[in-house]
Each structure stands twice: as C-alpha cells, then as structure tokens.
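Asker: My structure is below; once you've seen it, I'll send some questions.
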C-alpha cells in the first residue's frame, strides 16, 4: 500500500474519532451555567457543609416526587463554578457573599 493510500484511510478515520470525542464531551448550556451560578450565590459560603454538596442539595432537592424528568446535579459544572469562586480575591468573595447580584456578575465573567 502506498503512503498516499494510507493517508486516504487514516485521515477520515482520525476525523471520525475526533468528531466522536467531541460529541461525547459534555457541553453545558448557558442556561445551565447561569442556573448553577445562581444556586451557588444563594448557598451559605460559610457553612461547614461542602459547597458542592450544598449545591447538589438545592438542585436535586427542587425535584417534585411526581416529576417525570428529575434534574440531576452535574458535578463538573458545579466544580467549574466553585473554581471560579476560588479565583476571586478574598475581598471579592466577601462582597459577593453579601450581594447576590454582584456574586452572579463576578462568577459569569
């Protein structure tokens, strides 16, 4: 088999694999991101309970017993919001903890 023939088979195979990998990577909607930021800004940041656990309790606790589609907590999205919080300066964190709107603005950057 010539090198050119190998490229004809390998290149499409690599493209298919790349597309499949992209397809299976979770893509969170802007609505989900905004919801997780809003939930994070509403929880108690000084609680002894871990932030991600508090977020999970709020998100999954809002499900009705009779709901056909229950909302489940997305740990990766929760961790990304918490990581953005941890990147804020202590002063920004203190101000954000006291002002929900400011908190959401700082975390949506």
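Numbering (the working numbering), first residue to last: 5 to 113. Ideal Cβ positions, reconstructed from N, Cα and C, are used throughout, including at glycine.
Tell me whether residue 92 sits in a helix, a strand or coil according to DSSP, three-state version.
Answerer: For the purposes of this step, residue 92 is identified with residue 88 of the chain shown, where counting begins at 1. Three-state DSSP puts residue 92 in coil, outside helix and strand.
Asker: Rounded to a whole number of angstroms, what is the C-alpha to C-alpha distance between residue 78 and residue 16?
Answerer: The residue you call residue 78 lines up with position 74 of the chain shown. The residue you call residue 16 lines up with position 12 of the chain shown. Near 33 angstroms, if we compare the C-alpha coordinates of residue 16 and residue 78.
Asker: Look at the Cβ atom of residue 100, then the Cβ atom of residue 92, and state whether they are nearer than 8 angstroms.
Answerer: Here residue 100 refers to the residue found at position 96 when the chain shown is read from its first residue. Here residue 92 refers to the residue found at position 88 when the chain shown is read from its first residue. Taking 8 angstroms as the Cβ cut-off, residue 100 and residue 92 qualify as a contacting pair.
Asker: With a 10 Å radius around its C-beta and 16 neighbouring C-beta atoms as the bar for buried, classify residue 72 as buried or exposed.
Answerer: In the chain shown, counting from the first residue as 1, residue 72 sits at position 68. That one is exposed.
Asker: Under the rule that 16 or more other beta-carbon atoms within 10 Å means buried, what is residue 44, buried or exposed?
Answerer: Stepping through the chain shown from its first residue, residue 44 is reached at position 40. Result: buried.
Asker: At 4 residues or longer, and completely inside the stretch 7-92: list those alpha helix (DSSP H) runs for me, N to C.
Answerer: Fully enclosed alpha helix (DSSP H) runs of 4 or longer: 7-28, 34-46, 55-65, 79-91.
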